[in-house]
Amino acid sequence: MTLKFKAPMFRIGLVFVMLISSLSVLFGCAQIKKGINAMSENKKVTEIQIGETYTMSWSKSDVIENDKSFDYIKLLDDQTFMEVYDDTQHSEWYYKRDGDSKTITLVIGTYEKEGDNFIQKSFISYQTLVFSSDIDVKEGASGEVNDFMSGNKLFDDGKISMTAIEKYGDYYRINTVNLKGNPSDALRVSKVKLPDSGQAFLAQYNLVDPQAEKAKAEAERLYWRSDEGQDEMARAFGFDIPVSEDDDGFKIFGF
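See the structure below:
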């Protein structure tokens, strides 16, 4: 038996098949292009540039994916770098587990380029920003800042590890200065951009320095116990107040 097609219907069917085929090809090309673009946004860094912010992770970490830190590094100029460890974006469970605060560590240091590697030579500052675990840490968040280097002998005897941006094969990663540590995955260009100075980074938040506040309170206490401070206090009352001294030589006002 011979099958016969009516010419008009056959042509319509043929056009429909060709249209579907063309759309499939176009869709396939679009998907390939999208895939290339996605890869290019997350490609390994093969060249380090001053002023660019890079990010990294540690694939061998035993921390679950949603509870990893966000780490960034930026060369501020030809001898200074900034590194930031952001531990404020973990899950609620992460902080409740041990009662931890949310913290950001800000490191400023010097470096020198040795071959293809960028080797840290010293610390300029090492500060920790501490926030309540109950708040969303973003621009304007209130917290405390502590200067970890202040009086800390660990910096003097080299027990605080320093950083290297290491050329490994055809890409860069983070390692220790002896290049024998637990290296990070490849550096990637970060969507989060670090400021151009430590001061600008700190200025993003509403921070108080508990050590500075304590020193200020102690200075005020000593002032009001000094002759000058106590004379000022007497003048503020607007009348004469009997003054005596205790065994330590401090003035006592009162009847």
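So the number in this note's numbering is just where the residue sits in the sequence shown, counting from 1, plus 171.
Even for Gly, the Cβ is constructed at its ideal location relative to N, Cα and C.
Starting from the Cα of residue i, find the closest Cα among the options and give me that residue.
i      : options                        : result
Glu151 : Leu247, Asp257, Ser272, Val255 : Lying outside 172 to 426, the shown extent of the chain, residue 151 is not represented and no answer is given.
His261 : Val255, Gln250, Trp229, Ser304 : Ser304
Ile244 : Asp398, Gly322, Phe372, Arg268 : Phe372
Pro381 : Gly314, Leu325, Gln220         : Gly314
Val360 : Phe326, Lys351, Tyr343         : Tyr343
Gly286 : Ala335, Lys215, Val316, Tyr225 : Ala335
Val316 : Lys351, Lys330, Val278, Trp229 : Val278
Tyr265 : Met253, Thr299, Leu247, Ser240 : Ser240
Thr276 : Gln298, Phe326, Ile221, Val308 : Gln298
Glu283 : Ser332, Tyr339, Asp248         : Asp248
Leu378 : Val308, Gly270, Lys362         : Val308
Please list the terminal residues of the continuous beta strand (DSSP E) segment that includes residue i.
i      : result
Ala335 : 334–339
Asp242 : 241–246
Leu350 : Counting along the chain, Leu350 falls outside any beta strand (DSSP E), and DSSP gives it neither H nor E.
Tyr256 : 251–258
Asp318 : 313–318
Ser355 : Element bounds for Ser355: n/a, residue is neither H nor E.
Ile290 : 288–302
Val379 : 377–379
Contact check, residue i vs residue j under 8 Å by CB: the rounded distance?
i      : j      : result
Gly369 : Ser293 : Not really, about 14 Å apart at Cβ, beyond 8 Å.
Thr259 : Phe302 : 6 Å
By Cβ distance, which residues of its chain are closer than 7 Å to residue i, with the 5 residues on each side in sequence left out?
i      : result
Lys204 : Only weak support exists for where Lys204 lies, its pLDDT of 32 falling under 50; the value from the coordinates is given anyway. Nothing meets the Cβ criterion.
Lys364 : Thr224
Phe326 : Phe294, Met320
Asn213 : Arg359
Arg406 : none
Gly270 : none
Note down, in chain order, each residue of its chain lying with its Cβ closer than 6 Å to the Cβ of residue i, except the 5 sequence neighbours on either side.
i      : result
Gln250 : Thr281
Trp229 : Ser355
Leu300 : Ile275, Gly314, Val316
Asp242 : Met227, Tyr256
Glu337 : Asn288, Arg344, Asn346, Leu350
Leu246 : Ile221, Phe252
Ser332 : Thr347
Lys324 : none
How far does the alpha helix (DSSP H) with residue i in it reach, from first residue to last?
i      : result
Asp271 : Per DSSP, Asp271 belongs to no alpha helix (DSSP H) and is neither H nor E.
Gln220 : Neither: Gln220 is in no alpha helix (DSSP H) and is coded neither H nor E.
Phe372 : 369–373
Could you pull out every residue in the same chain whose Cβ sits closer than 8 Å to the Cβ of residue i, ignoring the five residues on either side in sequence?
i      : result
Gln375 : Glu310, Gly311, Pro366
Lys267 : Ser304
Asp341 : Lys215, Thr217
Ile306 : Lys273, Ala312, Ser313
Counting only beta-carbon separations shorter than 7 Å, does residue i have a partner in chain D?
i      : result
Asp327 : Absent from the structure is chain D; it holds one protein chain and no more.
**Message:** If contact is defined by three or more beta carbon pairs under 8 Å, each pair taking one atom from either stretch, is the stretch 355–368 in contact with the stretch 284–291?
**Reply:** no
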